[in-house]
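When we follow our numbering, the leftmost residue of the sequence shown carries the number 51, and every step to the right adds one. Structure, as structure tokens:
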Amino acid sequence: MTRPSIIVSRLILVGHRKEYVTQFNRGVNIIYGDSATGKSSILELINYGFGSKKFIYDVEIETSVKYLALEVSLNAKTYVIKRDIFLPNKLVEVYPAKYEEMNSVHPKILAPNYDSTARADGYLSDFLLGALELPILKVKESPSKIDSEMVRLSFRDLFKFNYLKQDDVGSKGLLGNGNWALANKNKQTFRYIFNLLDSNIAALDEELARISAAKRRVEQKFSAVSEFLRETQFESSIELSDSRDELNRQEGTLKEHLIALNKRVTSSSEVYQYLKSKLVEISAEIKDKRGRVNENFLAVERYTRLRNDYQVDATKLKGILEAKSLIGEASARRFPCPICENEVRLDEINPAYQLDESHKANHESLAISRRIKEIEELIQQERNKRSLLEVEVQQLNLDEEKARRLLDTETSSIVTPYLAERDGIASELATVRQKLRQIDDSMKIRNQHKILDEESQALSAQVIDLEKTLRELKKTAPSLDAVLSDLGDSLGSYLRAVNIKDPRDISISRSSFLPVLRNRDYGDITSGGLRTILSIGHLVILLEHAIHKKLNIAPFLMIDTVGKYLGKTQSQYNETDSAEDTKEGVADPIKYKNMYTCMLDLAERAELLGVPCQIILVDNDVPEEVQQDYAGFIIAHFSSRGESGLPFGLIDDAHLYR
51 MTRPSIIVSR LILVGHRKEY VTQFNRGVNI IYGDSATGKS SILELINYGF GSKKFIYDVE
111 IETSVKYLAL EVSLNAKTYV IKRDIFLPNK LVEVYPAKYE EMNSVHPKIL APNYDSTARA
171 DGYLSDFLLG ALELPILKVK ESPSKIDSEM VRLSFRDLFK FNYLKQDDVG SKGLLGNGNW
231 ALANKNKQTF RYIFNLLDSN IAALDEELAR ISAAKRRVEQ KFSAVSEFLR ETQFESSIEL
291 SDSRDELNRQ EGTLKEHLIA LNKRVTSSSE VYQYLKSKLV EISAEIKDKR GRVNENFLAV
351 ERYTRLRNDY QVDATKLKGI LEAKSLIGEA SARRFPCPIC ENEVRLDEIN PAYQLDESHK
411 ANHESLAISR RIKEIEELIQ QERNKRSLLE VEVQQLNLDE EKARRLLDTE TSSIVTPYLA
471 ERDGIASELA TVRQKLRQID DSMKIRNQHK ILDEESQALS AQVIDLEKTL RELKKTAPSL
531 DAVLSDLGDS LGSYLRAVNI KDPRDISISR SSFLPVLRNR DYGDITSGGL RTILSIGHLV
591 ILLEHAIHKK LNIAPFLMID TVGKYLGKTQ SQYNETDSAE DTKEGVADPI KYKNMYTCML
651 DLAERAELLG VPCQIILVDN DVPEEVQQDY AGFIIAHFSS RGESGLPFGL IDDAHLYR
């Protein structure tokens with residue numbers, strides 16, 4: 051069985067102004083910096099590229115980005131996953147090429163989730179599992195029931211063991227703990243990873259039949275395309291590439307001749323002057339409208355920020371009204387005046403001084419809601435204006451091109467001796483460009499033929515691997531107790547390496563498949579810092595086993611906020627007992643560094659074994675010692691104020707348009 055691998059190469063946010071690129075490497079990748087600079091967004095965007103149902107974006111991304119392109123290597127084959135950030139149900143395009151070569155291949159059009167009814171080539175989840183050469187199975191919704199309904203096990207189920215979100219780090223609800231339905235599905239996924247499902251052999255038999263059928267279909271398609279290419283005497287990829295290089299050379303030479311010829315032409319006719327002035331006028335209008343498009347971007351951003359401010363005010367007013375309803379009306383209806391000590395009756399002064407605060411708050415809340423709605427309409431109006439302006443700019447570009455052509459024609463017509471020569475060059479140039487377009491189309495056909503051949507070979511290898519896996523499973527199926535024992539030993543080694551206090555009675559629970567420390571289940575541990583170390587360790591040891599064994603999961607891990615509850619993050623995280631954290635000494639920077647060291651050692655071990663492995667870590671306040679010792683692993687460092695020349699955030703030019 052081929053060991054599955056995921057390596058994220060680049061996250062590319064294609065924007066209105068520029069492309070925002072984050073480059074990744076094999077091994078450990080560290081991202082850190084100030085809050086609200088887009089660190090967590092990087093992981094969430096990768097997660098979204100891998101099929102997450104939605105991506106919650108901020109103002110900077112909303113006003114700057116059009117779509118994401120995730121360049122990723124799956125089992126050593128490169129793909130680009132292109133997905134619209136703002137329309138999560140829109141079909142996803144997957145290109146079997148690098149980002150720069152996307153236009154040379156035809157993409158697969160895939161549905162982002164199983165609920166989609168749009169016409170597509172398949173589902174993104176199934177594609178990802180297939181690219182990783184992992185079996186696509188259904189598992190029992192309730193394993194203890196004989197007649198339990200079978201549910202699909204998706205890539206999204208598997209990815210929960212690859213991505214530890216910020217809310218899940220140190221959380222008592224890790225992997226659905228406390229939620230029976232969710233925890234049960236995750237336990238089934240755990241069994242799938244280690245080939246422990248009761249129905250594994252039967253399911254793999256079905257998967258083998260499915261893969262074999264898919265292989266036959268691809269081979270038939272490949273054979274049909276091959277026959278067509280032979281009968282039409284289609285050029286080979288090498289011949290097409292050589293032809294394209296020669297045509298590019300010819301195009302360059304003809305352009306140089308044309309430029310040299312135009313320089314020799316003197317133009318003084320009235321028609322020429324009119325066309326020249328018209329061209330200047332069109333260029334000025336294009337510049338003006340582009341400026342208005344930029345102003346429109348700024349207006350949308352200003353309105354968006356104003357809307358967000360109003361939404362904050364609305365939330366505060368809602369809290370006031372809810373507090374008012376809980377506290378109730380003032381009980382004292384009569385009280386002495388603080389100045390003259392005469393008796394004051396509240397029911398008499400309320401109407402006179404309009405003291406009905408609830409009415410005011412309600413009125414203000416409704417007013418703010420209307421303003422929010424009006425601003426939403428203004429934002430949409432500005433976006434519509436921008437669309438119209440962009441259409442007008444496109445039309446003006448066409449008019450400008452037409453004017454330039456007419457100007458060139460007039461220029462050449464003035465000087466008769468040059469006319470025939472210019473027409474000849476222009477005609478030859480048009481012929482060369484037409485041939486280049488034909489070459490590009492032919493290259494796409496050849497590339498598709500090559501992709502079919504690669505798919506056929508990959509499916510053949512997958513059939514062989516599945517047959518081998520089935521034989522091994524039938525001989526010696528792994529036992530749950532043995533797997534949990536091995537994982538428990540690995541967890542113990544990890545905890546001792548981190549140097550926690552009193553590392554004893556360590557195991558993996560047979561009921562929850564979560565860590566046990568000092569005979570206490572993970573969810574019963576009150577120290578949030580200790581749970582952080584355990585939750586990260588749980589996925590780290592899974593990564594370790596994926597490096598050394600052939601499991602149904604790639605050695606790939608993303609962790610958001612490694613220092614949560616370890617004295618390195620904000621106090622907003624309150625699911626902990628501070629006294630227990632102090633007792634456990636989780637704020638000790640040595641423990642924090644040891645966690646990084648464990649992951650770096652693991653990645654280095656994978657590299658020595660030749661196993662593709664990747665770990666992406668996001669944190670806020672990385673200690674100075676970690677920054678110095680592991681500087682070579684830092685791929686992004688953001689500063690909200692741009693200190694020391696650091697980028698302001700993921701959208702590194704957003705501060706220029708505020």
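Every residue, glycine too, gets a C-beta built ideally from N, C-alpha and C. As the structure is a prediction and not an experimental result, all values here were calculated from the model.
Quick test of your reading: L179 and F205, contact by CB under 8 Å. State the CB separation rounded to the nearest angstrom. Going by Cβ atoms, the distance from L179 to F205 rounds to 5 Å, so yes, they are a contact pair.
Evaluate Y164 with the Cβ neighbour count: other Cβ atoms within 10 Å of its Cβ, from every protein chain shown; 16 or more gives buried, anything less gives exposed. By the neighbour-count criterion, in which 16 or more other beta carbons inside 10 Å mark a residue as buried, Y164 falls on the exposed side.
Distance, Cα to Cα, A126 vs S437? The alpha-carbon atoms of A126 and S437 are separated by roughly 40 Å.
On a CA-only basis, which of S90, Y70, Y129 is nearest I56? Give me that one, please. Nearest option by C-alpha distance: Y129.
Whole angstroms are fine: how far does the CA of L448 sit from the CA of S327? Those two C-alpha atoms are separated by around 16 Å.
Can we say the segment 156-175 touches the segment 128-143, given the rule of at least three CB pairs closer than 8 Å? Yes, they touch.
So is the beta-carbon of I429 under 7 Å away from any non-hydrogen atom of the ligand HEM? Looking at this structure, you won't find the ligand HEM or any other ligand, since it has none at all.
Classify K614: buried if its beta carbon has 16 or more other beta carbons within 10 angstroms, exposed otherwise. Its Cβ being crowded by 16 or more others within 10 Å, K614 is buried.
Secondary structure at E478, three-state DSSP: helix, strand or coil? Helix at E478.
Looking at C-beta atoms only, is the number of pairs between the segment 641-656 and the segment 583-594 that lie closer than 8 Å three or more? The segment 641-656 is in contact with the segment 583-594.
Own chain, CB closer than 7 Å to L184, minus 5 neighbours either side, in chain order: Only P54, N602 meet the Cβ criterion.
Three-way DSSP call (helix, strand, coil) for S318 in this model: With a pLDDT of 46 at S318, under the threshold of 50, the modelled position of this residue cannot be trusted; read the value that follows with caution. In the three-state reduction of the DSSP assignment, S318 falls in the coil class.
Determine the direct distance from the alpha carbon of L325 to that of S317, and round the result to whole angstroms. Here S317 scores only 47 on pLDDT, less than 50, and its place in the model should not be relied on; the value that follows carries that caveat. Approximately 11 Å between the Cα atoms of the pair.
Please classify L208: is it buried, with 16 or more other beta-carbons within 10 angstroms of its beta-carbon, or exposed? Classification of L208: buried, given that the 10 Å Cβ count is 16 or more.
Looking only at C-alpha atoms, which of K222, K235, F177, Y213 sits nearest to I189? According to the sequence provided, residue 189 is Val. The question's Ile does not apply to it. The shortest C-alpha separation from V189 is found at K235.
Cβ separation of T72 and F698, assumed to be a contact under 8 Å, to the nearest whole Å: Rounded, the Cβ-Cβ distance is 14 Å, inconsistent with contact.
Which of helix, strand or coil DSSP assigns to F688: The three-state reading of DSSP puts F688 in strand, counting E and B together.
According to the Cβ coordinates, are I489 and S293 closer than 8 Å? Taking 8 Å as the cut-off, the Cβ atoms of I489 and S293 count as close.
So the candidates are S529, I370, G99; which of them puts its Cα closest to the Cα of F244? Proximity to F244 across S529, I370, G99 peaks at S529, based on C-alpha coordinates.
Under the three-state DSSP convention, the category P157 falls into: Looking at P157 - three-state DSSP - the assignment turns out to be coil, as it is neither helix nor strand.
Cα separation between I550 and P605? Whole-angstrom Cα-Cα distance: 25 Å.
Rounded distance between the beta-carbons of V636 and L667, thought under 8 Å: Taking 8 Å as the upper bound for CB-CB distance, L667 and V636 are not in contact here, some 18 Å apart.
Nearest neighbour of I159, chosen from G65, L174, M152 [CA to CA]: Residue L174 is the option with its Cα nearest to I159.
From this set, A704, D610, I597, N670, which residue's C-alpha is nearest L659's C-alpha? With distances taken between Cα atoms, L659 lies closest to I597.
Are the Cβ atoms of E432 and V350 separated by less than 8 Å? Against a cut-off of 8 Å, the Cβ pair of V350 and E432 comes out as a contact.
Burial state of G695, where buried means 16 or more other Cβ atoms lie within 10 Å: Exposed is the call here.
Take every Cβ of the segment 559-569, pair it with every Cβ of the segment 218-235, and state whether three or more of those distances are shorter than 8 Å. Under the Cβ criterion (8 Å, minimum of three pairs), the segment 559-569 counts as touching the segment 218-235.
To which residues does DSSP link Q664 through a beta bridge? DSSP lists G77, F606 as partners of Q664.
Quick one: what's got a C-beta closer than 8 Å to Y149's C-beta in the same chain, skipping five residues either side? Excluding residues within five positions, the ones whose Cβ falls inside 8 Å are R60, I62, A119, E121, V130.
A119 - partner residues in DSSP beta bridges: According to DSSP, A119 bridges with I62, K132.
Residue interval of the alpha helix (DSSP H) (run including P639): First-last of the alpha helix (DSSP H) with P639: 639-659.
Using 10 angstroms around the beta-carbon of I288, count the other beta-carbons present and answer buried if the total reaches 16, otherwise exposed. With fewer than 16 Cβ atoms within 10 Å of its Cβ, I288 is classed as exposed.
Ignore the nearest five residues each way along the sequence and tell me which others in L214's own chain have a CB closer than 8 Å to its CB. Counting only Cβ-Cβ distances below 8 Å, and skipping sequence neighbours, we find S585, I586, L589, L607, M608, I609, D610.
For D134 and R241, I'd like the C-alpha separation in whole angstroms. One C-alpha to the other measures close to 34 Å.
May I ask which residues mark the beginning and end of the alpha helix (DSSP H) holding E150? Boundaries for E150: no alpha helix (DSSP H) harbours it, and the DSSP string shows neither H nor E there.
D703 (DSSP reduced to helix, strand or coil): Residue state, collapsed to three classes: coil.
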